[in-house]
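Colleague:
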Amino acid sequence: MGFDGASDGKRTVAKESEENKENLILNSELKDDLLLYQDEEALNDSIISGTLPRKCKKELLAVKLRNRPSRQELEDQNIFPQRTDEERQEIRQQIEMKLSKRLSQRPVTEQEERREIKQRLTRKLNQRPTVDELRDRKILIRFSDYVEVAKAQDYDRRADKPWMRPLAADKAAIRKELNEYKSNEMEVHASSKHLTRFQRP
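Per the UniProt record's numbering, residue 1 is the first one in the sequence shown, and the count goes up by one each step.
1) Around the Cβ of Leu-167, are there at least 16 other Cβ atoms within 10 angstroms (buried) or fewer (exposed)?
2) Considering only C-alpha positions, which residue in the set Pro-81, Arg-197, Val-63, Ala-62 is nearest to Arg-71?
3) Check whether the Cβ atoms of Pro-201 and Lys-171 sit closer than 8 Å, and answer yes or no.
4) So within the UniProt repeat "RPEL" (59-84), which uninterrupted alpha helix (DSSP H) runs reach at least 4 residues, ignoring any that extend past its ends?
5) Would you call Leu-60 buried or exposed, if buried means 16 or more other Cβ atoms sit within 10 Å of its Cβ?
6) Starting from Asn-126, follow the alpha helix (DSSP H) in both directions and report where the run begins and ends.
7) Distance, Cα to Cα, Glu-185 vs Trp-163?
8) For residue 202 and Val-147, I'd like the C-alpha separation in whole angstroms.
9) Could you give the first and the last residue of the continuous alpha helix (DSSP H) run that contains Val-131?
10) Between which two residues does the alpha helix (DSSP H) holding Arg-175 run?
11) Distance, Cα to Cα, Glu-110 vs Arg-68?
12) For Ile-79, collect the residues of the same chain with a Cβ closer than 7 Å to its Cβ; drop the 5 residues on either side in sequence, then sort them by chain order.
13) Any idea what DSSP makes of Pro-201, helix, strand or coil?
14) On the three-state DSSP scale, how would you describe Ile-91?
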């Protein structure tokens, strides 16, 4: 009974040492190169904080690389699936087909821009106030659903018209015409005719 318990304890220790063999650190200062277990949390904290010496870092990396399980061990533990070259090629082709299908279904840049513009306009329309809200806020007092459009002739809407800026010759012709009107056509009393003022030519 005691022998069975001792054997079970040895198996447990051996199993733990096999599982934690990547976390073993070689301490060269001790005799017989004893392998010491390092607490994983303390080890991670020391690595993150940078308090772990460079020599320990190198030893830790060397131990992890040396104790890294082989491909056969991973396959035996069902961690790495066993596949032939043909199966790997078939899986690779399936992945390539899926990626090609996704790439073909992905929208182009113009479609994405059009979709973005549409979403922005839809968002603005949803945020736009209604007619009743505008009436309540007295922003929209008179509102008609229908707008009557009448035909109108085209005309010059410029504020500065060409005839508002006459040339020197135009001004002289206007003064001449005004003087002729005053001297010939305008009715003036004989006693005040000498007070008539003519424009300088």
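The beta carbon of each residue, even a glycine, is placed where N, CA and C say it ideally should be.
Modeller: The short version:
1) exposed
2) Looking only at Pro-81, Arg-197, Val-63, Ala-62, the smallest Cα-Cα distance to Arg-71 is reached by Pro-81.
3) no
4) 71-76
5) buried
6) Boundaries of the alpha helix (DSSP H) harbouring Asn-126: 109-127, taken from the DSSP string.
7) If you take the alpha carbons of Glu-185 and Trp-163, they lie about 26 Å apart.
8) This structure gives no information on residue 202, because the portion of the chain shown stretches from 1 to 201.
9) 131-136
10) 168-180
11) 50 Å
12) none
13) coil
14) Looking at Ile-91 - three-state DSSP - the assignment turns out to be helix.
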